[in-house]
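> Before I ask anything, let me first share the structure, which is written out below as structure tokens.
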Amino acid sequence: MLPNDPQSALRDAVTVLEPHLIALRRSIHGHPELAFRETRTAGIVAAELARLGIVHRTDVGGTGVVGTIEGGRPGPTLAIRADMDALPIHEETGLPFASDTDGQMHACGHDIHTATLLGVAAILRDRAPHFAGSIRLIFQPAEEILEGAAAMIRDGAGEGIDMALGFHNQPDMPVGTFGYVRGASLAASDSFDIIIQGKSGHAAHPYAAVDPIVAAAAFVGQVQTVVSREVKPLHPAVVTIGQFTAGTTYNIIPERVHLKGTVRTLHAAARDTVEAAIRRLADGIALGMRVTCTIDYRRKVPPLVNDDRVLDPTIAAVRAQFGDVVHAGEPSMGAEDFAEFAALAPAFQLRIGAGAAGRDDRLHNAHYQPDEACIGLGVQALSRAALELLA
């Protein structure tokens, strides 16, 4: 049973915790670590869980940490996941706790996420007698390269979970608000490398060479038609070439071109259509322009599909805690490897407003400064949701 006034109890408990959580966030922010290198961050997490008396495992999926809180009665297992890794971005905020590492920054708010889940751990530890089942606290590495969730699952982090909660700070939403999307909320993400092999030669004598740059340019132009002419208009899809590498100087036709690209889709049929089209277009370029095309196409993560069985009670819990500050949103073509956990059990990712007044921040930006009030608000929302889901 929950306390008679869970709203006030949670709010008051988080008020006490909040300064410590902000200090943890700033410590993590000042020492960002890239994917699978989150050793200091994981150490902070493990030390906090140990201080709280929460049983935990380290080195899960590389640098991941998993904690467990047992409830007062038998019941299901609810996983709550936070990511820990930073980005290869040079910080430009000028904050006193800014990154001490050139070219690395918490520009996606994973420092916020880690501190938030540590707050949830403290709240739920103290309320363990009030819920049934168990809480699995998953502190995950390597979300930015979409590999950490799968690595943790291979090490057993997903075994036996019955439900999963994820969350992400949203600078495009004012702090104090929350959001959700029904169904597919984030896209499947696939990556591909294409090597287009030609025959090098003098730029003045192209007839004696086979120019891979011209072939690659033709491919880049043709691949833009995949979404507009092969995918159903109501099935969102994005094909982007993010890197085109070739040549060394003005007057040499190079041997080869290296293309790197990404594909984002929300529907399985569109995902299949785009991959098949890319392979077919590459074959056509090879035949028509006398080059060879070698493709390495990798399906990374599936779409993140929110399940109403977790979404509805979570949104009801957040509204019970804060009032009418939860709003429906639109799907995004961004990707999230929380989708790997959502593929194992019914799951929902909550959007937590982090936009500071007077700012217009975006994720993955060198100047990103979320409002730190989102930490305490996130702790309240996720703790209330967990207590209701396991009531």
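All letters in the sequence shown, in the order written, are residues 1 to 391 by UniProt numbering. Cβ atoms here follow ideal geometry from the backbone N, Cα and C, with glycine treated the same way. Note that this is a predicted model, so its numbers are computed, not measured.
1. Let me confirm a value: residue 294 is counted as buried when at least 16 other C-beta atoms fall within 10 Å, else exposed. Which label applies?
2. Which of the three DSSP states is assigned to residue 219 in this structure?
3. Quick one: is residue 306 buried, meaning 16 or more other Cβ sit within 10 Å of its Cβ, or exposed?
4. From residue 280 to residue 212, what does the alpha carbon distance come to, in whole angstroms?
5. Going by the beta-carbon positions, is the gap between residue 136 and residue 68 smaller than 8 Å?
6. Between the Cα of residue 60 and the Cα atoms of 157, 240 and 179, which residue gives the shortest distance?
7. Residue 393 lies in the beta strand (DSSP E); which residues open and close that run?
8. If distances are taken between C-alpha atoms only, which option among 361, 90, 14 and 311 comes closest to residue 167?
9. Can you have a look at residue 12 and say buried or exposed, based on whether 16 or more other CB atoms are within 10 angstroms of its CB?
10. Please return the same chain residues whose Cβ sits closer than 8 Å to the Cβ of residue 1, not counting the five positions on each side in sequence.
11. Pick from 302, 289, 29 and 21: whose alpha carbon is nearest that of residue 206?
12. Assuming residue 193 is part of the alpha helix (DSSP H), what are its boundary residues?
13. So is residue 254 in contact with chain C if we call contact Cβ pairs under 8 Å?
14. Which parts of the segment 360-390 are runs of the alpha helix (DSSP H), unbroken and 4 residues or longer, counting only runs that do not cross its ends?
15. If you compare alpha carbons, which of 91, 160, 94 and 66 is closest to residue 346?
16. Are the CB atoms of residue 7 and residue 373 within a distance shorter than 8 Å?
17. Using alpha carbons as the reference points, say which of 234, 252 and 383 lies closest to residue 270.
18. Are the CB atoms of residue 179 and residue 326 nearer to each other than 8 Å?
19. Measuring alpha carbon to alpha carbon, tell me which residue in 350, 344, 351 and 366 is nearest residue 77.
20. Less than 8 Å between the CB atoms is what I'm expecting for residue 236 and residue 333, so what's the real figure, rounded?
21. For the beta strand (DSSP E) holding residue 242, just list the boundary residues, first then last.
Well, looking at it:
1. exposed
2. helix
3. buried
4. 17 Å
5. yes
6. 157
7. Nothing about residue 393 can be reported from this structure: the residues present for the chain run from 1 to 391 only.
8. For residue 167, the closest alpha carbon among the candidates 361, 90, 14 and 311 is that of 311.
9. Classification for residue 12: exposed.
10. Because the pLDDT at residue 1 is just 47, under 50, the model does not fix this residue reliably, and the value given afterwards should be weighed accordingly. So the qualifying residues of the chain are 130 and 391.
11. 289
12. Note, residue 193: premise wrong, no alpha helix (DSSP H); beta strand (DSSP E) at 188-197.
13. Note that chain C does not occur in the displayed structure, where there is just one protein chain.
14. Runs of the alpha helix (DSSP H) lying entirely within the segment 360-390 and spanning at least 4 residues, in chain order: 373-389.
15. 160
16. Result no, Cβ atoms of residue 373 and residue 7 do not sit closer than 8 Å.
17. 234
18. yes
19. 344
20. 6 Å
21. 237-246
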